[in-house]
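Worksheet: the structure to be examined is printed underneath.
Residue numbers (this note's numbering): 485 to 961.
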């Protein structure tokens, strides 16, 4: 055996022994090489008894489905469409409801508009005209004025209540007054100038918003499960609401594991900057969570056990320590506390050694790999469907776009590749290694590359990033 072959077999063995915590780029490359050359696990000459079995994990789509089902744990409340939450719905002020999900239908508390109102600045007129103009005007926010008589008009502002017996509102640009102060219509409803002949007329109800045009009191405006966006807040306020009944955000505690992490300054002497501590909290908030704490935990089994067992969050998110290295304490700790492993490894690159466990009846733990892009993969694979379901948020619509370039695939696993969107095509980005953030920082989405890769212009599923989609999922509060 040549030296390169020996090194390749050594690396392959390490990967199969569960030591792929970092989802090394070399491991993926070797997998491709071994697949092409027909090599199989065990070809290095080591006997099966000398190596630990590799956790192959579950397929990527199955892992997402398991995480979503975990969020439905327990008995679903009526009207939630099968969604279950660990805390009862709460009534919150409008200014605190952004990003939450409606726990009760939004029904109109009044007619909208609640009175006949002018849609334009101009004159409220009665009859066919010309009209005699009253001296006083009608402004928004004022009480009702005396009725108009036939042939009478009054200046009116947009949003003002129209006087009784008003036939129509004549826009300011569609009327003129003569030397005697009489008002004449100078344009038709469509706005074109009147031709020679009979004077222009106004249609009955023109530029008046009648009471109840948008809704009547009691009409259902929005259903349970609607995400509260800025527009929903505006509609709720217009419909008379001061508070909304909503499902609360799931509470998340983040545990950043590792003795090698710095919180400030330049990397030095084998120490590196912690990228996940600053990145995860806002990302989790964008997924609908309330981040209650971010704690840094040293590589010590007792310290990790204490941090997990003392947490009262709905979801605990850990970073690193999910493989089988000398300081990877997550699996032993979960075993010690009797946690139920729901997902133990996922067939996805990067991020293979991610996990999901039920630690208490109403608590889950999402174990993310320590490498930054691998952690992002874990967020979108396990944390997003779990948190979305706990928060009773609607699932995003899946969609595909063609990838401009061919993308190499793993022989067996799904790959998540950062892409940017340019019109109707997605461009794969470089710097997509498990430890790299340069690609994802410039990305609009992640492409879901199936095993074996994709051809140029092949339609491929995309996962939007919450701040890049421009959709209702954006909420950093």
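Glycine included, each C-beta is placed from N, C-alpha and C at the ideal position.
- Per DSSP, the continuous alpha helix (DSSP H) segment holding residue 861 begins and ends at 856-862.
- In the three-state reduction of the DSSP assignment, residue 763 falls in the helix class, which pools H, G and I.
- With fewer than 16 other CB atoms across the displayed protein chains lying within 10 angstroms of its CB, residue 688 is exposed.
- Separation of the CB atoms of residue 828 and residue 811 is rounded to 19 Å, and the pair is thereby denied contact status at 8 Å.
- Sequence-distant partners of residue 719 (beyond 5 residues in either direction) whose C-beta falls short of 7 Å from its own C-beta, in its chain, are 705.
- Taking the Cβ atoms as the reference, residue 930 lies roughly 25 Å from residue 825, outside the contact range of under 8 Å.
- Assignment of beta strand (DSSP E) within the segment 863-892, counting only whole runs of 3 or more residues, yields 883-886 in chain order.
- Under the three-state reduction of DSSP output, residue 752 falls in the strand class.
- Note on geometry: alpha-carbon atoms of residue 651 and residue 608 lie some 7 Å from one another.
- Taking the CA atoms as reference points, residue 776 sits about 6 Å from residue 736.
- Proximity to residue 710 across 668, 581, 860 peaks at 581, based on C-alpha coordinates.
- Under the 10 Å beta carbon count, residue 868 is surrounded by 16 or more other beta carbons and is classified as buried.
- Within the segment 575-624, the runs of beta strand (DSSP E) that reach at least 3 residues and sit entirely inside it are, in chain order, 606-609, 615-617.
- The closest CA to that of residue 576, considering only 648, 712, 739, is found on 712.
- Judged by DSSP in its simplified three-state form, residue 909 adopts strand.
- Restricting attention to 920, 852, 886, the CA atom closest to the CA of residue 937 is found in 886.
- Three or more Cβ pairs closer than 8 Å define a contact, and the segment 621-633 meets that threshold against the segment 644-663.
- Assignment of beta strand (DSSP E) within the segment 784-864, counting only whole runs of 3 or more residues, yields 799-803, 824-828, 830-833, 839-844, 847-852 in chain order.
- A contact is defined here as three or more CB-CB pairs under 8 Å, and the segment 611-631 fails this definition with respect to the segment 717-734.
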